[in-house]
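Numbering-wise, the sequence shown is residues 26 to 201 according to this note's numbering. No residue lacks a Cβ here, since even glycine has one placed at the ideal position from N, Cα and C.
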Amino acid sequence: MEKQGNACVLQCVSLESPVGKLLLSGCEKGIHTITITMETEQRSGLISDQTKVNSELQQCVVWLQNYFRSAESVSSLPFPALHHPMLEGDSFTANVLRILQSRVQVGQTVSYKELSEMAGNPKAVRAVGSVMRRNPVPLIVPCHRVLCSSGQSGRYMGGKGDNIKLWLLSHERKKG
26 MEKQGNACVL
36 QCVSLESPVG
46 KLLLSGCEKG
56 IHTITITMET
66 EQRSGLISDQ
76 TKVNSELQQC
86 VVWLQNYFRS
96 AESVSSLPFP
106 ALHHPMLEGD
116 SFTANVLRIL
126 QSRVQVGQTV
136 SYKELSEMAG
146 NPKAVRAVGS
156 VMRRNPVPLI
166 VPCHRVLCSS
176 GQSGRYMGGK
186 GDNIKLWLLS
196 HERKKG
């Protein structure tokens, strides 16, 4: 794979899952995005033969396949490498996403308020909600595990994926 200046050369692959088609993009440094799509039309530029994608995308596909087979099985697997500007540096956003990924395990949930406290800014509840809405790598950074303080699930994918969030939470409660 060639570098074009400092820009990443992205590859994309799709993966069928119980919650719909997942579209993954990434470079040789890691995963850039995971999109849960509810559309059925084929997208151009996707690599259907997963053996032709870079090793980071291959590792992510394997991680996701394991997750959907048995959510708790990924607890013993390393997270796929991530390479997205939102996840780098010391910004509030990057910090919240890293804390969520590393400290809220399969089968656990946390409220937006609790996550803001974990990130060291207890008054940033709305900002945490904004970070969750913009999460570029759902499932790997498990924004579906963040709930309202009332215990309600809240909106997922702008409300279009509320049923997906409920399915993911239910899936994670199952013992494999």
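Between residue i and residue j, what straight-line distance do the alpha-carbon atoms span, to the nearest angstrom?
i, j, result
"residue 42", "residue 194", "15 Å"
"residue 125", "residue 155", "14 Å"
"residue 101", "residue 150", "31 Å"
"residue 139", "residue 39", "34 Å"
"residue 89", "residue 163", "11 Å"
"residue 81", "residue 97", "21 Å"
"residue 49", "residue 142", "31 Å"
"residue 79", "residue 129", "28 Å"
"residue 34", "residue 56", "12 Å"
"residue 177", "residue 171", "10 Å"
Give a single yes or no on whether residue i has its beta carbon closer than 7 Å to a heavy atom of the ligand MN.
i, result
"residue 43", "For the structure depicted, the ligand MN is absent and the ligand set is empty, with no information on it obtainable."
Short check: CB of residue i to CB of residue j, under 8 Å?
i, j, result
"residue 108", "residue 54", "yes"
"residue 153", "residue 160", "no"
Residue i by DSSP, collapsed to three states: which one?
i, result
"residue 130", "coil"
"residue 44", "coil"
"residue 34", "coil"
The alpha helix (DSSP H) spanning residue i covers which residue range?
i, result
"residue 165", "From DSSP, residue 165 is part of no alpha helix (DSSP H); its letter is neither H nor E."
"residue 196", "187-198"
"residue 154", "150-158"
Notebook entry, point to check: Does the region 142-153 come close enough to the region 95-112 to have 3 or more Cβ pairs within less than 8 Å?
Noted result: no
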